[in-house]
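Working notes, structure below.
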Amino acid sequence: MGTVLDSHFLALTAIVTVGYQLVFFIITALLRIDKVTDFAGSTNFIIIAVLVAALKGTWHFRQIVLTVLVIIWGLRLAVFLLMRILQWGEDKRFDEMRSNLGKLAVFWTFQAIWVWTVSLPVTIVNASSSNPSIEARDIIGWIMWAIGLFVEAIADQQKLKFKNSPSNRGKWCNVGLWSYTRHPNYFGEILLWWGVFVASTPVLSGAEWLVILGPIFLALLLLFVSGIPLLESSADKRFGRSEEYRTYKKTTSPLIPLPPVVYGALPDWFKVAFLLELPLYNPGPERDPVS
């Protein structure tokens, strides 16, 4: 087992990830700030991809492409999230964590697991000596990544512009891509990492196919844990008494982009079964007033 771990750099990348996240955890705990959290997560992906590629040193075209894709994604997200938190001043996700070391430690541990697990397809490709010719799966994966990044970047900018407008104070973002899905940025994020996995498949063999756990873990995380559920709950508390908001939620897909006129006409069972309108996103009427 040790040889397998070393040959794929899995142990090394785990150690590097834990060490990198530990440094930022200490900074966050001592200074009680949350401005470096997302920066630490996104840049860690870059470190892992570049480190494994450099240590392996084969620099096959597929390895170079996937490494560049991770660098582009990581730099864009790191810069965007850092500028956003500097502009907004704080991240509301950490309101209960700043003074609770235990909760903060759990978050940073989870972030380390997220980075290492989602990085698995790129780690295995960059650690591989296999170099099959570029094929359709590579191209399909790269296209999925490009579409996902485009959607995520556009959605981020649209929401930032919306929230920065004084006329939109106290409103939910329902413009642009946000009129077709309540979480277009997460749709883009999930799509691009599935694209990375698809582009890695020509190299995979045997147990290496377990890297599919990377995009699966990401999707489950966003669908059930720290992504959509938290944002849906927050929006329901703020806007739940608004009839317009309830109409928006009923006619707008939670993840997969669809025209509101189409989504709104679909039966509830179809939305739940095929379009991820999960019951935890709709726990019942909210009692808090619109703010």
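The numbering used here numbers the first residue of the sequence shown as 266 and each following residue consecutively. Glycine included, every Cβ here is placed at the ideal spot set by N, Cα and C.
- Message: Check for me: the alpha helix (DSSP H) holding THR282 runs from which residue to which?
- Response: Taking the sequence shown and counting its residues from 1, the one referred to as residue 282 is at position 17. Its alpha helix (DSSP H) spans residues 275-296.
- Query: Ends of the alpha helix (DSSP H) at ILE311?
  - Reply: Numbered from its first residue, the sequence shown carries residue 311 at position 46. That run of the alpha helix (DSSP H) goes 302-321.
- Continuous alpha helix (DSSP H) stretch holding PHE375: start and end: As a first step, residue 375 must be located in the sequence shown, where it is residue number 110. Annotation for PHE375: the continuous alpha helix (DSSP H) segment containing it runs 366-383.
- Task: Could you tell me whether the Cβ atoms of PRO480 and LEU545 are closer together than 9 Å?
- Result: Locating residue 480 in the sequence shown gives position 215, counting from the first residue. Locating residue 545 in the sequence shown gives position 280, counting from the first residue. Contact flag unset, no.
- Using the DSSP secondary-structure output, state which residues sit across from SER518 in a beta bridge. What you label residue 518 is simply residue 253 of the sequence shown in a count that begins at 1. According to DSSP, which records beta bridges pairwise, SER518 is partnered with THR446.
- Would you call the CB atoms of PHE304 and LEU369 closer than 9 Å? Position 39 of the sequence shown, counted from the first residue, corresponds to residue 304. Position 104 of the sequence shown, counted from the first residue, corresponds to residue 369. It is not a contact, given that the beta carbons lie outside the stated cut-off.
- Pull up the distance between the alpha-carbon of TYR528 and that of LEU320, whole angstroms please. Taking the sequence shown and counting its residues from 1, one reaches residue 528 at position 263. Taking the sequence shown and counting its residues from 1, one reaches residue 320 at position 55. So the two alpha carbons sit approximately 49 Å from each other.
- Message: Suppose the cutoff is 8 Å on Cβ atoms and the five residues either side in sequence are ignored; what does the same chain contact list for PRO519 look like?
- Response: Residue mapping note: residue 519 aligns to position 254 of the sequence shown, counting from 1. Cβ within range, chain order: THR446, ARG447, HIS448, ILE493, GLU497, LEU540, LEU541, GLU542, LEU543 and TYR546.
- Item | Own chain, CB closer than 7 Å to GLN376, minus 5 neighbours either side, in chain order | Your numbering for residue 376 matches position 111 in the sequence shown. So the list reads GLN286 and GLY306, once near-sequence residues are dropped.
- Query: When we look at the beta-carbon of ARG434 and count the other beta-carbons within 10 Å, is it buried (16 or more) or exposed?
  - Reply: The residue given as residue 434 occupies position 169 in the sequence shown. With fewer than 16 other CB atoms across the displayed protein chains lying within 10 angstroms of its CB, ARG434 is exposed.
- Out of SER272, SER394, LEU469 and PRO522, point me to the one whose CA is closest to ASP403's CA. As a first step, residue 403 must be located in the sequence shown, where it is residue number 138. Cα-wise, what sits closest to ASP403 is LEU469.
- Item | Residues of its chain near ASN439, where Cβ-Cβ distance is below 6 Å and the 5 sequence neighbours each way are ignored | Counted from its first residue, the sequence shown places residue 439 at position 174. If we look at ASN439 and ignore the five residues flanking it on each side, its Cβ neighbours are TYR513.
- Message: Is it buried or exposed, ILE329, if we count other Cβ atoms within 10 angstroms and call 16 or more buried?
- Response: Walking along the sequence shown from the start, residue 329 turns up at place 64. Counting Cβ neighbours within 10 Å, ILE329 comes out exposed, since fewer than 16 surround it.
- Query: Cβ atoms of GLY453 and LEU486: under 9 Å apart, would you say?
  - Reply: In the sequence shown, residue 486 corresponds to position 221, counting from 1. In the sequence shown, residue 453 corresponds to position 188, counting from 1. Cβ distance not < 9 Å, so LEU486 and GLY453 don't count as in contact.
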